[in-house]
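Chains A and B, in that order, give the protein sequences. Going by this note's numbering, the first sequence opens with residue 26, and the numbers climb by one from there. Going by this note's numbering, the second sequence opens with residue -10, and the numbers climb by one from there. Glycine residues also receive a C-beta, built at the ideal position from the N, C-alpha and C atoms. Only one structure is covered here, and it is reproduced in the block below.
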Amino acid sequence: MGQFLLVTIQVDMDDRIAIQLQEDLTTMIEKTHARGVLIDISALEIVDSFIGRMISNISAMSRILDAGTVLVGMQPAVAITLVELGLTLQGVMTALNVERGMAMLTASQDSKNGRAKK
Amino acid sequence: MVGPKSELALVREHDVVFARQAIRSAARQLGFSIVDQTKLVTAASELARNAVVHGGGGTVVWETVAENGRQGLRLTFNDSGPGIEDTKLAMKDGWTTGTGLGMGLPGARRLVNDFELVSQPGVGTTVIITRWK
């Protein structure tokens, strides 16, 4: 994975585990100096307001730690439900799968490096 | 017409997960589409969390209902918590007691066909939701 962290959520998380994940992940970003985080939620059958908030938090925290976050693999039924629920996950980048998510992070890294050179 | 009832206690945080799984299984058995299952389970997750976090614990009862030739799943969430002073205000998007996004109740209402909220301060809160096939 090189400079990116891949998080695959494979269990139906209760709120405590969701908060734990948020804390563990920010610690890992700091420890590994990761430049990006991919969160694979393809196994998640629902995203409610609490899990949605956790995803937004992770995205905001990692941005402050200078790492991008891409949410990948959301099931279509989850996406439809999220919109109706009223959650828009503002500021969170999304991609269809891990490969595309990784390409997204790499591209944003490259553009940052490009700007730095000038 | 009402089918047999099932009940689950909502006391600990993880009971919210058990409730999601039980409702998912009931909705699947009844032949709901994946999108309808997901909407109902998401609404159930919001209301189950409310019962645990704000209601000090409660129960969820689910039953199959039939009306005018259509079938549905009805969920009743009950708690004997502090209740809601202003239920109209609680149904507004973004209104919160401070710990959440204020999305649970109004969001849950948008995800189901029928939604009924009855709350009495000092007595408790009951939310009844139904999703029809």
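Taking a C-beta cut-off of 9 Å against chain B, the contacting residues of the region 91 to 112 of chain A are Gln100, Pro101, Ala102, Val103, Ile105, Thr106, Leu107, Glu109, Leu110, Gly111, Leu112, listed in chain order.
At a cut-off of 8 Å between beta-carbon atoms, Arg125(A) makes no contact with chain B. At least one CB of chain B lies nearer than 8 Å to the CB of Ile71(A). Per the Cβ contact rule, the region 63 to 77 of chain A is in contact with the region 91 to 107 of chain A (3 or more Cβ pairs under 8 Å). Per DSSP, the continuous beta strand (DSSP E) segment holding Arg59(B) begins and ends at 59 to 68.
Neighbours of Arg17(B) in chain A, taken as residues at a C-beta separation under 9 Å, are lacking, since the least C-beta distance is about 11 Å.
In the same chain as Arg63(B), and ignoring 5 residues on each side of it, the C-beta atoms closer than 6 Å to its own belong to Glu52, Val54, Thr119, in chain order. The beta carbons of Leu90(A) and Ile54(A) sit closer together than 8 Å.
If you ignore the 5 residues before and after Phe7(B), its C-beta comes within less than 7 Å of the C-beta of Leu(-3), all in its own chain and listed in chain order.
Nearest in C-alpha terms to Met118(A), of all of Ile42(A), Val108(A), Arg88(A), is Arg88(A).
Taking a Cβ-Cβ cut-off of 7 Å, Arg120(B) has no neighbours in chain A, whose nearest Cβ is about 12 Å from it. What Asp49(A) touches in chain B, judged by beta-carbon distance under 9 Å, is nothing: the nearest beta carbon there is about 18 Å away. In terms of Cβ geometry, Arg38(B) and Val0(B) do not form a close pair [threshold 8 Å]. Interface with chain B (8 Å Cβ-Cβ cutoff): Ser84(A) is excluded. The shortest CA-to-CA distance from Gln109(B) to any of Thr76(B), Arg98(B), Leu94(B) is the one to Thr76(B). Under a 10 Å Cβ-count criterion, Arg17(B) is classified as exposed, with fewer than 16 other Cβ atoms of the shown protein chains found around its own Cβ. Between Pro71(B) and chain A, the shortest Cβ-Cβ separation is not below 8 Å.
Residue environment analysis places Gln26(B) among the buried positions, since at least 16 neighbouring C-beta atoms fall within 10 angstroms of its C-beta. DSSP places Glu70(A) outside both helix and strand once states are collapsed to three, so it counts as coil. Counting of Cβ neighbours within 10 angstroms places Thr33(A) among the exposed residues, the total staying below 16. Rounded to whole angstroms, Gly46(B) and Ala40(B) show a C-alpha spacing of 5 Å. Contact between the region 110 to 117 of chain B and the region 66 to 85 of chain B is present: 3 or more CB-CB pairs across the two stretches fall below 8 Å. Its Cα nearest to that of Asp103(B), the residue Thr65(B) stands out among Lys81(B), Thr65(B), Leu19(B).
When DSSP states are grouped into helix, strand and coil, Thr113(A) belongs to the coil group.
Residue nearest to Glu35(B) within the set Pro(-7)(B), Glu2(B), Val107(B), Trp121(B) is Glu2(B) (criterion: CA-CA distance).
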